[in-house]
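>
There are 2 protein chains.
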Amino acid sequence: EATRKQVVGRAGWMLIHSMAAKFQPGEERAVLAMQGFLEAIAELYPCELCKTHFGQFLDASPPPMDSALALLVWTCKAHNEVNSRNGKQLFPCEKEPLQALYGDCGC
Amino acid sequence: EATRKQVVGRAGWMLIHSMAAKFQPGEERAVLAMQGFLEAIAELYPCELCKTHFGQFLDASPPPMDSALALLVWTCKAHNEVNSRNGKQLFPCEKEPLQALYGDCGC
Ligand SMILES: Cc1cc2nc3c(=O)[nH]c(=O)nc-3n(C[C@H](O)[C@H](O)[C@H](O)COP(=O)(O)OP(=O)(O)OC[C@H]3O[C@@H](n4cnc5c(N)ncnc54)[C@H](O)[C@@H]3O)c2cc1C
Ligand SMILES: Cc1cc2nc3c(=O)[nH]c(=O)nc-3n(C[C@H](O)[C@H](O)[C@H](O)COP(=O)(O)OP(=O)(O)OC[C@H]3O[C@@H](n4cnc5c(N)ncnc54)[C@H](O)[C@@H]3O)c2cc1C
Chain X
263 EATRKQVVGR
273 AGWMLIHSMA
283 AKFQPGEERA
293 VLAMQGFLEA
303 IAELYPCELC
313 KTHFGQFLDA
323 SPPPMDSALA
333 LLVWTCKAHN
343 EVNSRNGKQL
353 FPCEKEPLQA
363 LYGDCGC
Chain H
263 EATRKQVVGR
273 AGWMLIHSMA
283 AKFQPGEERA
293 VLAMQGFLEA
303 IAELYPCELC
313 KTHFGQFLDA
323 SPPPMDSALA
333 LLVWTCKAHN
343 EVNSRNGKQL
353 FPCEKEPLQA
363 LYGDCGC
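From first to last, the protein sequence lines stand for chains X and H. Take the first sequence: its letters are residues 263 to 369, numbered as in the numbering used here. Take the second sequence: its letters are residues 263 to 369, numbered as in the numbering used here.
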C-alpha cells in the first residue's frame, strides 16, 4: 500500500504538472499567480526535505513564464530531480508525452 | 474509469488539505505563501468553472490564517461546497477526521 508521502507526492505532481499545462502566459495576473504558486510549494509543501529541494531547484533554474509547454517541461525536470535522487527512472521531458498526460484537464 | 477532471480534482484537494494541515501560522512567510497558494488555485486551477467557484468561496469566506486546524476546516468547507453543488454527501468538517486523514504527511 502507498505511504502518505507517496500519496501526497503523486497528488502534488499531478496538480503541478496540470496547472503548468494550462498556464496562460499572456496574462500578468497568471504569471504572478504561477510565481506565487511555485514559491508556495517551496514554502509549504508538507515534507521538509521535499520543499527544501524544490526551493533549491526553483532558485537554481528559474521557471520559464513565456509558454505553458516550456513551463510543463520545467516541472518535468523538477520532478526528474526527485526521481533521480530516489534512484527512479527519468521521465522523458518532451512536449508530446507531457501534453498527452497533463494537457487535457477534462473540463 | 476516472475522468481527468476527477483525477485532477482528487489530486488538487489532497494537496490543498495536506498543505493546510501542516500550515505553520506563526511565520509571516508561511502566511503570505498560503495566501499566494490559495489565490493561485483561484487563478490557475485547470478547470474554468472550478477555479471561478473556488475564487468566489475565497472572497466570500476569508481563510483563517491563525491555526492549521482552522485552515484545514476551512478547506473542508470549500471542498463541501463542490460536493454539495455536485449532489454528493457532505464530509464531516470536524477536526479529528480531518487530522486523521490529512495531518500525517509521512515525512
Ligand atoms: C514538489 C515535490 C517535491 C518532492 N520532493 C521529494 C524529495 O525531495 N524526496 C522524496 O523522497 N520525495 C519527494 N517527493 C515525492 C516524490 O516525488 C514522489 O511523488 C513519491 O516518491 C511517489 O513516487 P511515485 O513513484 O508514486 O511516482 P511520482 O514520482 O509521484 O510520479 C507520479 C506519476 O507521474 C509521472 N511522472 C514521473 N516522473 C515524471 C516527470 N519527471 N514529469 C512528469 N510526470 C512524471 C508518472 O506517470 C508517475 O507515475 C516530492 C513531491 C513533490 C510534489
Ligand atoms: C479547487 C477545486 C475546485 C473544484 N471545483 C469544482 C467544480 O466547481 N465543479 C466540479 O464539478 N468539480 C470541481 N472540482 C473537482 C471535484 O471537487 C472533485 O475533485 C471531483 O468531482 C472528483 O470527486 P471524487 O468523488 O472523486 O472525490 P473528491 O471530491 O475529489 O474527494 C476526494 C476525497 O477527499 C475526501 N473528501 C471529500 N470531501 C471532503 C471534504 N469536504 N474535506 C476533506 N476531504 C474530503 C474523501 O475521502 C474523498 O474520497 C474541484 C476541485 C478542486 C481541487
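Beta carbons are placed, not taken as given, at the ideal position from N, Cα and C, and that holds for glycine.
What residues from chain H crowd round X/SER280, counting only those whose CB sits closer than 7 Å?
Ordered by position in chain H, the residues that pass the 7 Å Cβ test against X/SER280 are VAL270 and PRO308.
> So, is the C-beta of X/CYS338 closer than 8 Å to a C-beta in chain H?
No, its Cβ sits nowhere closer than 8 Å to a Cβ of chain H.
> In chain order, what residues of the same chain have a beta carbon less than 7 Å from the beta carbon of H/ALA353, not counting five sequence neighbours either side?
The identity of residue 353 of chain H in the sequence shown is Phe, whereas the question assumes Ala. These residues qualify, in order along the chain: CYS338, HIS341, ASN342 and ASN345.
> If you reduce the DSSP assignment to three classes, tell me which class H/ASP321 lands in.
Here H/ASP321 sits in helix by DSSP.
> Interface residues of chain X around H/LYS284 at Cβ under 8 Å?
By Cβ distance, chain X contributes LEU306 and PRO308.
> Are the C-beta atoms of H/LYS350 and some chain X residue less than 8 Å apart?
No, its Cβ sits nowhere closer than 8 Å to a Cβ of chain X.
> Kindly say whether H/PHE299, judged by its beta-carbon, lies nearer than 8 Å to any beta-carbon of chain X.
Yes, because at least one Cβ of chain X sits closer than 8 Å to the Cβ of H/PHE299.
> I want to check one thing, is the minimum distance from the CB of H/CYS338 to the heavy atoms of ligand 2 below 7 Å?
Yes, the Cβ of H/CYS338 comes within 7 Å of a heavy atom of ligand 2.
> Anything in chain H within Cβ reach of X/ASP370, meaning under 8 Å, just list it in chain order.
Any question about residue 370 of chain X goes unanswered here, given that chain X covers just 263 to 369.
> Let's see if you can read the secondary structure: which residues bound the alpha helix (DSSP H) around H/PRO359?
Taken as a continuous stretch (DSSP letters only), the alpha helix (DSSP H) holding H/PRO359 covers 357–364.
> Hey, would you say X/PHE299 sits closer than 8 Å to X/LEU333, going by beta carbons?
Not a contact, by the Cβ cut-off of 8 Å.
> Using a cut-off of 8 Å between C-beta atoms, extract the partners of X/GLY317 located in chain B.
The chain inventory of the structure shown lacks chain B, comprising the protein chains X and H.
> Between the alpha carbons of H/SER280 and H/LEU363, how many angstroms are there, rounded?
Going from the Cα of H/SER280 to the Cα of H/LEU363 covers about 9 Å.
> How big is the Cα-Cα spacing for H/GLU358 and H/TRP336?
One C-alpha to the other measures close to 14 Å.
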